[in-house]
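Below: one structure, written as structure tokens.
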Amino acid sequence: MTRLFVALIAALILVACSDTTEPSFSSDVATVSQAKDFNEWTPWQGTLWNACHQESMDFDGKRKRLRTVTEDGNGGFHFNFHRNWHGTAIGQQSGNVYNINFPINWTENSRGPYPYVFNRVWYNNITCRGKCATQLFRTKYHLTINANGEVTSEKETWSIECKGP
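Here numbering that gives the first Met the number 0 is used: the first residue of the sequence shown is 0, the next is one more, and so on.
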């Protein structure tokens, strides 16, 4: 039960990180022959934390969101998501300039509430343009819930690596 709660919290965090302007899933489901696509570039600005340099960075860029939702004809749904953030950031204390590339890919496969399979791969690359460290953040998450609502597989791995000076 605790693992299911953790999985639900992780899913809620992903939903909270998405935009409220994105169309809801329920209105965007299509048949196999009519897979529904959502594809757009939008501006992206704000502040990020750089763990390698222990400083905040102001960034400006754009974000691509791509989603495909398909119904398999047997009551199952297949969601494929790809998001990619690109931009430039400047360290607030150091003045270092960085290129930002954050690709996220995840898939969801479900038939009713269960069984359910969720996979997410997320890379955050903050590449220094000068003589400073590049930050590489990697996380992978997998969750499987069987037809009885029991978590049968759950695994998460992550790492942060600082490369360079």
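Yeah, the Cβ is synthetic: ideal placement off N, Cα and C, and Gly gets one too.
| query | result |
| --- | --- |
| Closest residue to residue 106 among 55, 67, 74 (Cα-Cα distance) | 67 |
| Nearest residue (CA-CA) to residue 158, options 151, 149, 140, 38 | 140 |
| Range of the contiguous beta strand (DSSP E) that encloses residue 152 | 150 to 162 |
| 8 angstroms Cβ shell around residue 87 - same chain, five flanking residues per side excluded | 58, 59, 60, 96, 97, 98, 99 |
| Coarse secondary structure for residue 44, derived from DSSP in three states | strand |
| Secondary structure of residue 122, DSSP reduced to three states | strand |
| Residues of its chain near residue 110, where Cβ-Cβ distance is below 6 angstroms and the 5 sequence neighbours each way are ignored | 74, 75 |
| Best match in 47, 48, 38, 94 for proximity to residue 129 [C-alpha to C-alpha] | 94 |
| Residue 145 to residue 79 span [Cα, whole Å] | 20 angstroms |
| For residue 65 and residue 162, the rounded distance between their alpha carbons | 30 angstroms |
| DSSP bridge partner residues for residue 55 (one or two, in chain order) | 48 |
| Burial state of residue 49 (16 or more Cβ within 10 Å) | buried |
| Given residue 156 as reference, the closest of 43, 120, 51, 69 once Cα atoms are compared | 120 |
| Continuous beta strand (DSSP E) stretch holding residue 108: start and end | 96 to 110 |
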